[in-house]
Amino acid sequence: MRTIFYIIQQSKSFFLILLIAVLFVPSATAAFKYLHEGMKLPTIESIDIRTGETVSSESVLKDNNMIIIVFWSTWSRRSLEELKALKEICLMYPNDRFKIIAVNVEGQKISPVTKDTILRLSEEMELPFPVIIDHNLEIFYQFGVIAVPSTAITDTTGVIRFGPAGFSLTTHDLIIDSIDVLLGKKELADTTMIMKKGYIPKIKASRYYNLALNLNNKRMYERALSNVAIAVENDSLFPVPYSLMGEIYKALQENEKALANYKKAVELDSTFVAAWSGIGEVYYANKQIDSAMTATNRALSLDEFFTPALLNLALCYSALGDSGNALANLKIAQELNQRDPKPYFYLGQIYLESSDTVDALQSYMTALEILFPAP
Amino acid sequence: MLKKLLVIILLFSCAVQAQEMTKEEKRAKRKNVRLYLKKSIAYFNNHQLDSASLYIDSLLTLAPKNPDAYYYLGLIHIENADTTLADSVLSQGSDVAPLSTRIKILLSRIKIEQKDFEASAELLDAILRIKPREPETLYLRGITYLHMNDTTKAIEYLKHGLERALVKGK
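Line by line, the protein sequences give chains A and B. All residue numbers in the first sequence are consecutive under our numbering, ending with 375. All residue numbers in the second sequence are consecutive under our numbering, ending with 545.
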């Protein structure tokens, strides 16, 4: 009898711990639309703005180091917090096999004044790692960055193992834990994180996927589709191409095909944030608001900072006449990426619907100033 | 008779040779125009405005109606905070290359800065007659409406411009 009672007590504790773990243990989040844990980091090569030296991810990996890529900008307060934290982390691991590359994603065009600001800030902060500028946001679009800051952490073979969006105290601890785990200093079980191994795609599939991605970014949709189809042919278990196909079909307004592909992606990986968000967007386009909210909330439960999902949720709330929640979600999206014109566009719509022309005008103008800066 | 024939043949071959030389010259000229433009853009992006300006001047001697030359010269003057000179150069550019959208857009921005909203509106309306969905034009036209106290039109144009820009994936 006592044994049974003891077992019940232990079970209760176990379930309590499990409940806490499920509710509070942070999972690997999805900072990037087009990259996933398990995929290889695209090659990054540029010039350090302070030293003029070439910075190359390939060279870092050749020296058997893991890489931490942080996308940041001077207009993002959290970026600056993360840079400071990474500087401290560098000091905690002076001789260890990891390198940080800070990629500035200030905007599409960098004026000499902006370049000076980036340089001055990097020097003032005395950052002990290279800082490169992502001219024309090429790397930004290649990764599909959805929030600033965003971080990608690879192992020593260049495979992405962890990718948080945004920066909070939790992120700081998760970065330290991921370094310890990937350097073999700690067991994953001894940390509070869940590090997804991710699906490691076949090389040919990965190659055709990257080709399709570039074509998609140039809006050459038909050719992108041909290439992504080859990626799928070569590796039908690789979830990311299905999500890309979903995105392409959505752009072509073939919503049924878009939905089918996004669903295939989540079938292969139920934690695929971008695909859940895509499902939400297609349902919204089909005016199936309830289904849209379900899928979008699923995405946000996996990654609370996934901006496209925040925007879609705002649209859903707006469609239901709940401008309060719509505005709240848009403001979060704005905070995560102040250079994204979309939140301002949707804000403008909401203000217009409530006859607030002054705020509508301001929102539209802000968005357009971002898109078409004065020379 | 034979002499006449020989003269005709000689004249004909000279004409053909002259045409060949002209073709070669034209090819070389086009190549130089491209090179000067490329160099001037590279210097401009590197904020070496004097060097950029020199190449634009060389370009204009070869191709006095080249719209890109006027556009970049306008940008150089704007960078040098000389909007009067920018206005002059871009107005000239707009005259020699009336179909150049970006010259008109840049010139309309200067007109807005100079508070000459009517002149800006005229330039922008000229673009919109040919390209009614050009996003930056719609945006700037919205700005002119705002300054001319037509808020309704301003919102309409700003919203439309933004929609077009987002659809184009800017």
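No residue lacks a Cβ here, since even glycine has one placed at the ideal position from N, Cα and C. Computed from a predicted model, the values in this text were never measured in an experiment.
Give the straight-line distance between the Cα atoms of residue i and residue j, rounded to the nearest whole angstrom.
i	j	result
leucine 521 of chain B	proline 239 of chain A	48 angstroms
leucine 371 of chain A	glutamate 88 of chain A	35 angstroms
leucine 412 of chain B	tyrosine 430 of chain B	7 angstroms
leucine 174 of chain A	glycine 246 of chain A	31 angstroms
glutamate 399 of chain B	arginine 405 of chain B	10 angstroms
leucine 566 of chain B	aspartate 462 of chain B	In the structure as shown, chain B begins at 376 and stops at 545. Residue 566 of chain B is therefore absent and cannot be evaluated.
leucine 188 of chain A	threonine 54 of chain A	34 angstroms
glutamate 222 of chain A	lysine 186 of chain A	47 angstroms
glycine 468 of chain B	isoleucine 110 of chain A	26 angstroms
leucine 259 of chain A	alanine 540 of chain B	25 angstroms
leucine 23 of chain A	methionine 220 of chain A	Only weak support exists for where leucine 23 of chain A lies, its pLDDT of 35 falling under 50; the value from the coordinates is given anyway. Distance between the alpha carbons of leucine 23 of chain A and methionine 220 of chain A is about 42 angstroms.
alanine 21 of chain A	phenylalanine 306 of chain A	Only weak support is given to the placement of alanine 21 of chain A: the predicted model assigns it a pLDDT of 37, under 50, and the value that follows is read from those uncertain coordinates. If I take the Cα positions, the gap works out to 22 angstroms.
aspartate 356 of chain A	leucine 424 of chain B	44 angstroms
alanine 417 of chain B	isoleucine 384 of chain B	49 angstroms
glutamate 81 of chain A	glutamate 123 of chain A	15 angstroms
glutamate 37 of chain A	threonine 476 of chain B	44 angstroms
valine 464 of chain B	leucine 83 of chain A	45 angstroms
serine 46 of chain A	lysine 440 of chain B	37 angstroms
leucine 300 of chain A	asparagine 217 of chain A	25 angstroms
lysine 528 of chain B	tyrosine 364 of chain A	13 angstroms
isoleucine 101 of chain A	isoleucine 487 of chain B	42 angstroms
arginine 504 of chain B	valine 232 of chain A	45 angstroms
lysine 379 of chain B	alanine 390 of chain B	16 angstroms
threonine 459 of chain B	leucine 474 of chain B	22 angstroms
alanine 265 of chain A	threonine 271 of chain A	10 angstroms
glutamine 543 of chain B	serine 388 of chain B	The residue you asked about is not glutamine; residue 543 of chain B is lysine in the sequence shown. Taking the straight line joining both Cα atoms gives about 54 angstroms.
phenylalanine 15 of chain A	proline 343 of chain A	Low confidence applies to phenylalanine 15 of chain A: its pLDDT is 42, below 50, so where it sits in the model is not reliable, and the reading given next is rough at best. Using only the alpha carbons, I get a separation of about 41 angstroms.
valine 358 of chain A	glycine 536 of chain B	18 angstroms
Hey, does residue i have any beta-carbon neighbour from chain B nearer than 8 angstroms?
i	result
lysine 33 of chain A	no
methionine 365 of chain A	yes
leucine 371 of chain A	yes
glutamate 345 of chain A	The amino acid at residue 345 of chain A is misidentified as glutamate; the sequence shows phenylalanine. For phenylalanine 345 of chain A, the answer is yes, since a Cβ of chain B falls inside 8 angstroms of its Cβ.
serine 27 of chain A	A caution first: serine 27 of chain A carries a pLDDT of 39, below 50, which makes its placement in the model unreliable, though a value can still be read off. No, its Cβ sits nowhere closer than 8 angstroms to a Cβ of chain B.
lysine 257 of chain A	no
leucine 361 of chain A	yes
serine 79 of chain A	no
glycine 348 of chain A	yes
Using a Cβ cut-off of 8 angstroms, pull out every chain B residue sitting near residue i, in sequence order please.
i	result
glycine 278 of chain A	Those within 8 angstroms of glycine 278 of chain A in chain B number zero; the least Cβ separation is about 16 angstroms.
lysine 342 of chain A	Leu541
Report the neighbours of residue i on chain B: residues whose CB is nearer than 7 angstroms to its CB, in chain order.
i	result
threonine 357 of chain A	Thr526, Ile530
proline 308 of chain A	Neighbours of proline 308 of chain A on chain B: none; closest Cβ ~13 angstroms, over 7 angstroms.
If you measure between the beta carbons of residue i and residue j, is that distance less than 8 angstroms?
i	j	result
leucine 361 of chain A	leucine 533 of chain B	yes
serine 277 of chain A	threonine 296 of chain A	yes
leucine 330 of chain A	tyrosine 351 of chain A	no
alanine 224 of chain A	phenylalanine 32 of chain A	no
leucine 237 of chain A	leucine 213 of chain A	no
isoleucine 480 of chain B	tyrosine 445 of chain B	no
isoleucine 451 of chain B	phenylalanine 419 of chain B	yes
alanine 161 of chain A	serine 178 of chain A	Before going further, note that residue 161 of chain A is arginine rather than alanine in the sequence given. Cβ atoms of arginine 161 of chain A and serine 178 of chain A: closer than 8 angstroms.
alanine 374 of chain A	arginine 484 of chain B	yes
threonine 74 of chain A	leucine 121 of chain A	yes
valine 273 of chain A	leucine 310 of chain A	no
glycine 163 of chain A	leucine 61 of chain A	no
For a contact meaning CB atoms closer than 7 angstroms, what does residue i contact in chain A?
i	result
histidine 452 of chain B	Under the 7 angstroms cutoff, chain A gives no residues; its nearest Cβ is about 11 angstroms from histidine 452 of chain B.
glycine 536 of chain B	Leu368
Taking 8 angstroms as the CB-CB cut-off, is residue i touching chain A?
i	result
alanine 540 of chain B	yes
lysine 545 of chain B	The predicted model places lysine 545 of chain B with a pLDDT of 49, which falls under 50 and marks its position as unreliable, so this point remains unresolved.
leucine 503 of chain B	no
tyrosine 447 of chain B	no
leucine 481 of chain B	yes
tyrosine 514 of chain B	yes
leucine 533 of chain B	yes
Using a cut-off of 7 angstroms between C-beta atoms, extract the partners of residue i located in chain C.
i	result
glutamate 511 of chain B	Although the question refers to chain C, the structure presented lacks it and instead comprises the protein chains A and B.
List the DSSP bridge partners of residue i.
i	result
tryptophan 276 of chain A	None, per the DSSP bridge assignment.
glutamate 455 of chain B	Sequence inspection shows asparagine at residue 455 of chain B; the glutamate mentioned does not correspond to that position. DSSP lists no partner for asparagine 455 of chain B.
methionine 92 of chain A	Looking at the DSSP assignment, methionine 92 of chain A forms no beta bridge with any residue, so it has no partner.
phenylalanine 162 of chain A	A:Ile153
valine 145 of chain A	A:Phe32
tryptophan 72 of chain A	A:Asn104
threonine 54 of chain A	A:Ile47
valine 131 of chain A	A:Ala102
What does residue i touch in chain A if you count any residue whose Cβ is under 8 angstroms from its own?
i	result
arginine 484 of chain B	Ala374, Pro375
histidine 341 of chain B	Absent from the model: residue 341 of chain B. The displayed extent of chain B is 376 to 545, so no value can be given.
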